[in-house]
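Trainee: Once you've had a glance at the structure underneath, I'll fire off some questions.
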Amino acid sequence: MASPAAAQETFSVAPQIGAGLAVVGAGLGIGLLAKGAVESVARQPESSGTIQTLMIIAAALIEGLAFYAVIVCS
């Protein structure tokens, strides 16, 4: 049976794992977003301004969610 000290150490590691997963998820999301934006600009170069604006807004929302998750996990 685990001692209370070991259980307390286990629970103190959980927030760091959650924060790490949140940051990895945000990184993957922004990577996929950039991939889609580059492919879209390659197909339609004349709409690059609109695509870039939408990409920046979406990346900011993803980063905001990642910051929120890290704060909650702290």
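Under the working numbering, read the sequence shown as residues 3 to 76, first letter to last.
For glycine and all other residues, C-beta sits at the position ideal for the given N, C-alpha and C.
1) CA-CA distance, A61 and L34?
2) Taking 8 Å as the threshold (C-beta atoms), are A68 and A16 in contact?
3) So, using beta-carbon positions, are C75 and G38 closer together than 8 Å?
4) So, I53 versus S42, is the Cβ gap smaller than 8 Å?
5) Under a Cβ-count criterion, where at least 16 other Cβ atoms within 10 Å of its own Cβ denotes burial, should A44 be classed as buried or exposed?
Mentor: Let me spell this out:
1) Pairing A61 with L34, the inter-Cα distance amounts to about 10 Å.
2) With respect to the 8 Å criterion, A16 and A68 are not classified as neighbours on the basis of their beta carbons.
3) For the pair C75 and G38, the CB atoms are not nearer than the 8 Å cut-off.
4) Going by C-beta atoms, I53 is nearer than 8 Å to S42.
5) With fewer than 16 neighbouring CB atoms inside 10 Å of its own CB, A44 falls in the exposed class.
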